[in-house]
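S.K.: Encoded as structure tokens, here's the structure I'll be asking about.
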Amino acid sequence: MANVGFIGLGVMGAPMALNILKGGHSLSVFDLNPDAVARLVEAGATACSSPREVGAASDFVVTMLPEPRHVREAILGKDGVAEGLRKGGIVIEMSTIDPKTSQSVGDELRKRGMNLVDSPVGKTSEHAVTGTLTLMIGGEPEAIARAEPVLDCMGNEKYYCGGPGMGHAMKITNNVLATTIMVANTEALAMGLKCGLTLELMQSVMKNTMAWNSQFSTAMPKKGFLGDDSPGFAIRLAAKDVRLACELEESLGIPSRIGRGGLAALDAAIVAGYGDRDTARLMFMLEEKLGVEARQQPVKKAG
Ligand code: NAD
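Numbering (the UniProt record's numbering), first residue to last: 1 to 303.
This is the structure in structure tokens:
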């Protein structure tokens, strides 16, 4: 069993860290939020006062932080992981960040005799709890092989995407598509409702056409259609992902028309004060504006 560190104990990171403890590893944790740290300590983790201290206590350090700048700072900044981690230690970077940041942080660690495996995650906070996340893995094969027992605590579906940064390239590609499909759903459904169509009719018809998609069939019925916009995937994080994708697309010479459109909808929700709410709030904003509602009753289980 390994000494594992974990930095970033939010909606995703807290259950992922708990699963590392359940896997029998010892765990040292750090987060800017003391309540998040206290919950992990109660479960058996050791609290650290800086990322450097987490590094010094660990063979592997997982980072699950909001944005690229937080990741760079926690790993390479003052009192960062790299100041504490021994040579041969591995950072497992699981946040959603751009491949360029991932590669440059990894290069810096490798110069210091450490390594970085990128393994951002797919699916939801529910899958973080059950340890059934999809892992998109990039890095050097030998480092990936060593990190595998830690990764296996958090996910049950692994995709090897290539060398350093390729897991993050896969994740950003996934998220710009998933998020812009979600924004497109809200606009189309709001239009249909305003024309007088019912949600049930639109579901029945579109189930049989090219319009059907998993945001509509699976994600929206579990959140927005039940009137729930409690944070699962926060709008501020979705906007960050799409912004990173737009910048990447444009740096590659791809006109980011759909990405920029989706980003405008997300940024408008942030300006309206909804950055911390789930992306389901985008639908509610249009409903409020148009005086319509897309709701369905939760399915009642027998017994
Ligand atoms: P979150 O905002 O709930 O949690 C982030 C945590 O990091 C918070 O506890 C915060 O206090 C801590 N933090 C922020 N800056 C820090 C710093 N400098 N040092 C230490 N701790 C710091 O975010 P989340 O939903 O857990 O997402 C984390 C990452 O995973 C993001 O990159 C997100 O895009 C990605 N992601 C989220 C989901 C989801 O459904 N929520 C799914 C897949 C991937």
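Here a beta-carbon is modelled for each residue, glycine too, at the ideal position from N, C-alpha and C.
(1) Does DSSP classify Ala47 as helix, strand or coil?
(2) Going by the beta-carbon positions, is the gap between Pro164 and Asp228 smaller than 8 Å?
(3) Taking only the alpha-carbon atoms, compute the straight-line gap between Ser26 and Thr198 and give it to the nearest angstrom.
(4) What do you reckon, is the C-beta of His168 under 7 Å from a heavy atom of ligand 2?
(5) Could you tell me the boundaries of the alpha helix (DSSP H) in which Asp241 lies?
(6) Who are the near neighbours of Pro15 in its chain, counting only those whose CB is closer than 6 Å to its CB and skipping five residues on each side?
(7) Using only the alpha-carbon positions, how far apart do Gly89 and Ala38 sit?
(8) Buried or exposed: where does residue 308 fall if 16 or more other Cβ atoms within 10 Å of its Cβ makes it buried?
(9) For Asn175, which option in Ala280, Ile97 and Gly5 has the closest C-alpha, if you only look at C-alpha atoms?
(10) Could you round the C-beta distance between Ser144 and Val105 to whole angstroms and report it? I think they count as a contact, below 8 Å.
(11) Could you pull out every residue in the same chain whose Cβ sits closer than 7 Å to the Cβ of Asn19, ignoring the five residues on either side in sequence?
(12) Per DSSP, what kind of secondary structure is Gly55 in: helix, strand or coil?
(13) Quick one: does the C-beta of Val11 sit closer than 7 Å to a heavy atom of ligand 1?
(14) Report back the beta-carbon spacing between Gly167 and Met136 to the nearest angstrom; my notes put them in contact at under 8 Å.
(15) Within a Cβ cutoff of 7 Å, which residues of the same chain sit near Leu248, ignoring the five residues on either side of it in sequence?
(16) Could you compute how far the alpha carbon of Thr209 sits from the alpha carbon of Arg295?
(17) Among Ala188, Lys207, Leu85 and Ala238, which one has its Cα closest to the Cα of Ser95?
(18) Does any heavy atom of ligand 1 sit closer than 7 Å to the C-beta of Thr124?
(19) Skipping 5 residues on each side, what residues in its chain have a beta carbon closer than 6 Å to that of Thr46?
(20) Assuming Gly89 is part of the beta strand (DSSP E), what are its boundary residues?
(21) CB of His70 to nearest heavy atom of ligand 1: below 7 Å?
(22) Quick check on this structure: which residue in His70, Gly13, Ala190 and Arg277 has the alpha carbon closest to the alpha carbon of Thr101?
(23) Using only alpha-carbon positions, find the residue among Gly24, Arg112, Val54 and Ser49 that is nearest to Gly5.
(24) Assess contact between the segment 260-274 and the segment 188-206, defined as three or more Cβ pairs (one per stretch) separated by less than 8 Å. Is contact present?
(25) Quick check on Asp35: buried or exposed, where buried means 16 or more other Cβ atoms within 10 Å of its Cβ?
(26) Just list the alpha helix (DSSP H) runs in the segment 156-215, keeping only unbroken ones of 4 residues or longer that don't cross its boundaries, in chain order.
(27) Which residues in the same chain have their Cβ closer than 8 Å to the Cβ of Pro221, if we skip the five residues on either side of it in sequence?
(28) Mind reading off the beta-carbon distance from Val11 to Pro231? Whole number of angstroms is fine, and I expect it under 8 Å.
M.R.: In brief:
(1) DSSP places Ala47 in the strand class (E or B) of the three-state scheme.
(2) No, Cβ-Cβ distance for Pro164 and Asp228 is not below 8 Å.
(3) Going by the C-alpha atoms only, they are around 53 Å apart.
(4) Among the ligands in the structure shown, ligand 2 does not appear; only ligand 1 can be found there.
(5) Looking at the DSSP string, the run of the alpha helix (DSSP H) that includes Asp241 is Ile235 to Ser251.
(6) Same-chain partners within the cutoff: Ala128 and Val129.
(7) If I take the Cα positions, the gap works out to 26 Å.
(8) Here the chain covers residues 1 to 303 and nothing more, so residue 308 does not appear.
(9) Residue Ile97 holds the alpha-carbon nearest to the alpha-carbon of Asn175 among Ala280, Ile97 and Gly5.
(10) Checking the sequence shown, residue 144 turns out to be Ile, not Ser. So it is not a contact: roughly 16 Å between Cβ atoms.
(11) Sequence-distant Cβ neighbours of Asn19 in its own chain, meaning closer than 7 Å and more than five residues away, are Gly131, Cys153 and Met154.
(12) Gly55 falls in the helix class under three-state DSSP.
(13) At least one heavy atom of ligand 1 is nearer than 7 Å to the Cβ of Val11, so yes.
(14) The pair is a contact, with the Cβ atoms about 4 Å apart (cut-off 8 Å).
(15) Closer than 7 Å at Cβ, skipping near neighbours: Asp98 and Ile172.
(16) In a straight line, the C-alpha of Thr209 is about 21 Å away from that of Arg295.
(17) Comparing alpha-carbon positions, the option among Ala188, Lys207, Leu85 and Ala238 lying closest to Ser95 turns out to be Ala238.
(18) Ligand 1 has a heavy atom closer than 7 Å to the beta-carbon of Thr124.
(19) Sequence-distant Cβ neighbours of Thr46 in its own chain, meaning closer than 6 Å and more than five residues away, are Ser28.
(20) For Gly89, there is no enclosing beta strand (DSSP E), as DSSP gives it neither H nor E.
(21) Checking every heavy atom of ligand 1 against the Cβ of His70, one is found closer than 7 Å.
(22) Selected option, being the one with the closest Cα: His70.
(23) Considering only alpha carbons, the answer is Val54.
(24) Result no; under three Cβ-Cβ pairs closer than 8 Å.
(25) By the neighbour-count criterion, in which a residue is buried when 16 or more other Cβ atoms sit within 10 angstroms of its Cβ, Asp35 is exposed.
(26) You should have 166-195 and 199-206.
(27) Correct list, in chain order: Gln296.
(28) Contact check for Val11 and Pro231: beta-carbon distance about 6 Å, within the 8 Å limit, so the pair qualifies.
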